[in-house]
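Have a look at the structure below, then the notes.
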Amino acid sequence: MRNEDLSSFAIPLFILNGEAEQLQPMKEIAVAIGIPEEKLYLLSCGNRGAGNTRTQFTQIMNSPDLKSRSHFIVVTSAYHVSRVARTAKKHLPEFVDFEVFGVPFKDFSFSVFRKVKGEVKRILSYSRKGDIAEDVRRK
């Protein structure tokens, strides 16, 4: 994403994806770096510990504002990018072109190592069950 993209009418919708308490800071950052507010869509996965990424993509496809879009960017926590991308690939129609951007948080209230280790375990488990794509490479 370049500065000239931000001034273009072709800028895709940014879906800010996170826990309820994460969305406002993510929105403030996006606006501060020049993303127009009308290009932001806040998608809450609920309160801390209650979110489900697969459910969020079901919400996207059921939303009248989102289900017909062919290109958007999902913004999520940096540690969560890999699983969100695999979930999107598995649960969005093939016509949807998507990108996943990670937002680093300045202060962590959790062990980053433990969080990433847990993400890797979930990715392996969910991909074995077929709940998410094994990889996100395009055909």
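With numbering that gives the first Met the number 0 as the guide, the letters of the sequence shown map in order to residues 0 to 138.
The C-beta atom is built at its ideal place from N, Cα and C for all residues, glycine as well.
Test item: CB-CB of residue i and residue j under 8 Å
i: residue 25; j: residue 73; result: no
i: residue 119; j: residue 28; result: no
i: residue 159; j: residue 30; result: No information on residue 159 is available, as it lies outside the stretch 0 to 138 that the chain covers here.
Beta-carbon proximity list for residue i, same chain, < 6 Å, skipping 5 on both sides
i: residue 99; result: 73, 80, 83, 84
i: residue 88; result: 132, 135
i: residue 66; result: 60
Integer Cβ distance of residue i from residue j, believed to fall under 8 Å
i: residue 53; j: residue 12; result: Rounded, the Cβ-Cβ distance is 20 Å, inconsistent with contact.
i: residue 97; j: residue 71; result: 6 Å
Where residue i falls, given that 16 or more other Cβ within 10 Å makes a residue buried
i: residue 114; result: exposed
i: residue 59; result: buried
7 Å Cβ shell around residue i - same chain, five flanking residues per side excluded
i: residue 22; result: 15, 41, 43
i: residue 56; result: 86, 87, 90, 91
i: residue 121; result: 82
i: residue 125; result: 131
Proximal residues to residue i (C-beta, below 8 Å), its chain only, five neighbours per side dropped
i: residue 78; result: 101, 111, 114, 115, 118
With contact counted as at least three CB pairs below 8 Å, one residue from each stretch, are the segment 13-29 and the segment 37-46 in contact? The answer is yes - the segment 37-46 touches the segment 13-29, with three or more Cβ pairs under 8 Å.
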